[in-house]
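This report refers to the structure that appears directly beneath it.
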Amino acid sequence: YNVILYNMYSLIFYLFFYFVYWDRLQSAKEKQVLKIGGIILIAVNLISIVFQDPMLIPLFYAYTIGAVFLLIAIVFYLRQILKGQNARNNLKHNILFWVSIGLFIFYLIDPILMIIGIHNDYIYIKYNLQHLLYLLIMVMYSFFILGFLLGKRRAFRK
Numbered sequence: 004y005n006v007i008l009y010n011m012y013s014l015i016f017y018l019f020f021y022f023v024y025w026d027r028l029q030s031a032k033e034k035q036v037l038k039i040g041g042i043i044l045i046a047v048n049l050i051s052i053v054f055q056d057p058m059l060i061p062l063f064y065a066y067t068i069g070a071v072f073l074l075i076a077i078v079f080y081l082r083q084i085l086k087g088q089n090a091r092n093n094l095k096h097n098i099l100f101w102v103s104i105g106l107f108i109f110y111l112i113d114p115i116l117m118i119i120g121i122h123n124d125y126i127y128i129k130y131n132l133q134h135l136l137y138l139l140i141m142v143m144y145s146f147f148i149l150g151f152l153l154g155k156r157r158a159f160r161k
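The end of the sequence shown is residue 161 by our numbering, with every number in the run present.
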């Protein structure tokens with residue numbers, strides 16, 4: 004009964020992080036890619052609502068599209084900060100760096116697990132992929148916690 008909340012949450016989640024990365028990026032071309040990604044995400048959500056019942060099942064196509072653009076945003080951001088001056092010194096204290104690593108690991112694998120679980124639950128159950136999902140969640144939140152513990156505001160400035 005909480006699928007509708009999850010569907011709304013995932014849309015808000017993706018749009019929030021698109022905005023965060025859009026704000027941090029310096030390249031106008033990369034910002035444009037994220038803007039287009041946000042528009043595509045909203046369109047795919049609206050189209051998915053027509054073909055799927057958002058009250059009963061997750062909008063997995065929209066979720067997957069959102070994950071792809073989030074991964075693109077993370078790659079843009081990581082490439083930018085790794086090229087920057089004193090990047091190695093500030094990475095340890097940059098909370099968005101740690102959040103990005105956690106999100107990247109999680110969203111690289113989670114959409115695949117979701118599609119397997121929805122399209123072929125036999126494989127999902129047989130290979131106990133739910134445990135892999137739990138492990139991914141723990142890894143992601145471990146990076147978040149690490150970022151919160153090590154993070155310093157001055158490392159996050161543009």
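Glycine residues also receive a C-beta, built at the ideal position from the N, C-alpha and C atoms. Please read all numbers here as calculations on a predicted model, not as lab measurements.
Reduced DSSP secondary structure (H/G/I, E/B, other) of residue i
i    : result
M58  : coil
N48  : helix
K38  : helix
G150 : helix
Y137 : helix
Y4   : coil
N10  : helix
N97  : coil
Limits of the alpha helix (DSSP H) - the one that residue i falls within
i   : result
R82 : F63 to K86
S30 : S30 -> no alpha helix (DSSP H), and no H or E assigned at all.
Among the options, the one whose alpha carbon lies nearest that of residue i
i    : options                  : result
I75  : I108, V47 and H96        : I108
W101 : S145, T67, G120 and I126 : S145
R27  : Y80, Y17, D124 and L136  : Y80
I42  : Y17, S30, D56 and M58    : Y17
Original post:
Hey, which unbroken runs of the alpha helix (DSSP H) at 4 residues or more fall wholly within the stretch 103-135?
Top reply: 124-129
Original post:
Three or more C-beta pairs closer than 8 Å, one from the stretch 116-124 and one from the stretch 59-67: is that the case here?
Top reply: yes
Subject >> Given 8 Å, three or more beta-carbon pairs between the stretch 6-14 and the stretch 45-58 >> reply: yes
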